[in-house]
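J.: Per the numbering used here, the sequence shown runs over residues 727 to 1174.
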Amino acid sequence: MEKDPSVSVAQICRDTLEQNWRDDHTIPAGNLYPHQWLWDSAFIAIGLRHIDIDRAQTELRSLLKGQWANGMLPHIIFAEHEKASRDRYLWQAWRNPNAPEDVNTTGMTQPPVLAEAVVKIGEKLNMKDRRAWYLDMYQPLVDYHSWLYRERDPQNDGLALLIHPWESGLDSSPPWIDQLHMHSKPWWINLIDNRLGHIAIRALRRDTRHVPPGQRMNDIDILMYMNVMQRLKRKDWDIERILARSHFAVEDVAFNSILLRANEHLETIAKTVGHELPQELQDNIQRSKGALEELWDTGHEQYFSRNALTHHAIKEPTIATLLPLYAGTITKERAKQLVQLLHDKKQFDSPYPVPSVPFTSTYYNHLSYWQGPTWINTNWLIADGLERYGFKDEAKRIRQKSVELVAASGPYEYFSAKDGTPAGAKNFSWTAALVLDMLSEHSLQLEN
Ligand code: 2M8
727 MEKDPSVSVA QICRDTLEQN WRDDHTIPAG NLYPHQWLWD SAFIAIGLRH
777 IDIDRAQTEL RSLLKGQWAN GMLPHIIFAE HEKASRDRYL WQAWRNPNAP
827 EDVNTTGMTQ PPVLAEAVVK IGEKLNMKDR RAWYLDMYQP LVDYHSWLYR
877 ERDPQNDGLA LLIHPWESGL DSSPPWIDQL HMHSKPWWIN LIDNRLGHIA
927 IRALRRDTRH VPPGQRMNDI DILMYMNVMQ RLKRKDWDIE RILARSHFAV
977 EDVAFNSILL RANEHLETIA KTVGHELPQE LQDNIQRSKG ALEELWDTGH
1027 EQYFSRNALT HHAIKEPTIA TLLPLYAGTI TKERAKQLVQ LLHDKKQFDS
1077 PYPVPSVPFT STYYNHLSYW QGPTWINTNW LIADGLERYG FKDEAKRIRQ
1127 KSVELVAASG PYEYFSAKDG TPAGAKNFSW TAALVLDMLS EHSLQLEN
């Protein structure tokens, strides 16, 4: 009998998820990412549901341990072992009275993919179990989405703002680097931007011990990220104090696209369990439905994130412009315009779609973190959106190529969009989980 190569890809993905499992959750990758990340766990649960539905549910329930009293779901729940103490201490979430007492977390969030994962698991359950599952997750989700609007949309414009690039999940994406250099560059950075300074920063970095430095953020940018984080910490992670004197807040296209889709899932969950969402949340959800249009740039014919305080567009093109497809709230006309970008060889069309920035971007580098490579999670989101807008061939190609990348090299963190070179962390959990999902849901065939 001929060997079916897709079987072995699935097995490699399952092994990765097994290897990265820790008691009640999955770490993104050994060494580089030893804690639990919010949107990673959501993507991971989407894949885990094909292997073990209980484990997928445990993965998501474990996120709730970290939920703050104000509803925020933090972007990381820190591991409790000794080796993680430096990270816990660096963040000091305990300075804020809303932080949970018995677990250590960061003081900021990440894209709200949770409702998507809850629904995807629900789809695998019979109606009685689905209702029970949704009931468990309903109030934490309501609290989280209510927090997003209450604390992160102070202008009531329907777009949530982010206070640190790490909240976007697309950490080093050009709009964030642009804003960082424009509004958050401390005076002393130029003084240490020299050989000795770099040696000192490198000695403190843990990530570049595990991944070649050229595939991670550069030393100065990462130092500036840490500096912004320290400033937020000094304000005790209190949003009013943070925003009172900040110039560094962004209404991010990708994050808001994900929030819009998550709202729709939350409505489904509420309907299934027979609950009415709180009126204020319903109003916010309603208001945010058309808000992405605020971020559309006529002239560049694409979406841009914008500075949340000045409302100036940050005109750095990135993959985020395609995420409104996933939101599902844009018109068919807009969706067609985005598909044109996807077909444009100078922009996003590539042998291994979808590059995290278009080829025309001045930031483009084929292996540099969120500034060029293809990531499987953004592929999953874009393909899901394309399919719902009826662009089935485009969706299929993205999934097919994603699976091929992993079949050729294993579940790496990211890959060159030009030649498929694997990069970043090995045995990366969301890559494994989402490829499993693509294989299970879309009956893809691997060529040869
Ligand atoms: C990356 O972000 C973390 C900080 O949160 C890091 O660079 O150390 C991003 O790719 C982020 O999206 C992801 O959730 C995280 C863990 O995989 O790694």
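Even for Gly, the Cβ is constructed at its ideal location relative to N, Cα and C.
Every value quoted in this text rests on a predicted model; they were computed, and no experiment measured them.
Can D897 be considered in contact with the ligand 2M8, in the sense that its beta carbon sits closer than 7 Å to one or more heavy atoms?
T.: yes
J.: Looking at C-beta atoms only, is the number of pairs between the segment 757-765 and the segment 802-816 that lie closer than 8 Å three or more?
T.: yes
J.: Assuming S1128 and L1049 form a contact by the criterion Cβ under 8 Å, report the distance between their Cβ atoms to the nearest whole angstrom.
T.: In fact, because the Cβ distance is near 16 Å, the residues do not count as touching under 8 Å.
J.: Can you tell me whether Y1089 is helix, strand or coil according to DSSP?
T.: Secondary structure at Y1089: coil, using DSSP grouped into helix, strand and coil.
J.: Looking at the secondary structure, which residues open and close the alpha helix (DSSP H) in which K1062 lies?
T.: K1062 -> alpha helix (DSSP H) spans K1058 to H1069.
J.: I believe E1019 touches L885 by the beta-carbon criterion, under 8 Å. Please report the beta-carbon distance rounded to the nearest angstrom.
T.: Their Cβ separation, rounded to whole angstroms, is 11 Å, which puts E1019 and L885 out of contact at 8 Å.
J.: Among the residues of its own chain, which have a CB less than 7 Å from the CB of Q1028, if the five just before and after it don't count?
T.: P1043, T1047 and L1067
J.: For G940, count neighbouring Cβ atoms within 10 angstroms of its own Cβ and tell me buried if that reaches 16, exposed if not.
T.: exposed
J.: Buried or exposed: which applies to P823, given that a residue is buried once 16 or more other Cβ atoms fall within 10 Å of its Cβ?
T.: exposed
J.: Considering only C-alpha positions, which residue in the set A996, Y815, A1061 and N1103 is nearest to Y860?
T.: For Y860, the closest C-alpha among the options A996, Y815, A1061 and N1103 is that of A996.
J.: With a threshold of 7 Å (Cβ to nearest heavy atom), would Q762 be considered close to the ligand 2M8?
T.: no
J.: Alpha helix (DSSP H) containing G923: first to last residue?
T.: R921 to L930
J.: If you run the structure through DSSP and keep just helix, strand and coil, what is H751?
T.: strand
J.: Rounded to a whole number of angstroms, what is the C-alpha to C-alpha distance between V979 and L790?
T.: 26 Å
J.: Taking P891 as the reference, which of Q865, V937, Q818 and M950 has the closest Cα?
T.: M950
J.: Kindly indicate which three-state DSSP category W763 falls into: helix, strand or coil?
T.: It is a strand residue.
J.: To which residues does DSSP link Q1028 through a beta bridge?
T.: Paired residues: D1023.
J.: Give the secondary structure of T835 by DSSP, where H, G and I count as helix, E and B as strand, and everything else as coil.
T.: Coil at T835, not helix or strand.
J.: List the DSSP bridge partners of L851.
T.: In the DSSP output, where bridge partners are listed per residue, L851 has none listed.
J.: Would the segment 834-850 count as touching the segment 864-872 if we require 3 or more Cβ pairs under 8 Å?
T.: yes
J.: Applying the criterion that 16 or more other CB atoms from any shown protein chain within 10 Å of the CB defines a buried residue, is S1094 buried or exposed?
T.: When all chains shown are included, S1094 counts as buried.
J.: Can you tell me whether T1100 is helix, strand or coil according to DSSP?
T.: In the three-state DSSP reduction, T1100 falls in the strand class (E or B).
J.: Rounded to the nearest angstrom, what separates G1025 and G1098 at their Cα positions?
T.: 23 Å
J.: Quick one: using the 10 Å Cβ neighbour count with 16 as the cut-off for buried, is D879 buried or exposed?
T.: Buried.
J.: Taking 7 Å as the cut-off, does the CB of W747 come closer than this to any heavy atom belonging to the ligand 2M8?
T.: no
J.: According to DSSP, what are the bridge partners of F1141?
T.: Answer by DSSP bridge pairing, in chain order: T1100 and P1148.
J.: Which value, in whole angstroms, describes the spacing of the CA atoms of Y1089 and I968?
T.: 29 Å
J.: Going by DSSP in three states, A1039 sits in which element: helix, strand or coil?
T.: strand
J.: Among H907, W820 and T835, which residue has its Cα nearest to the Cα of D828?
T.: W820
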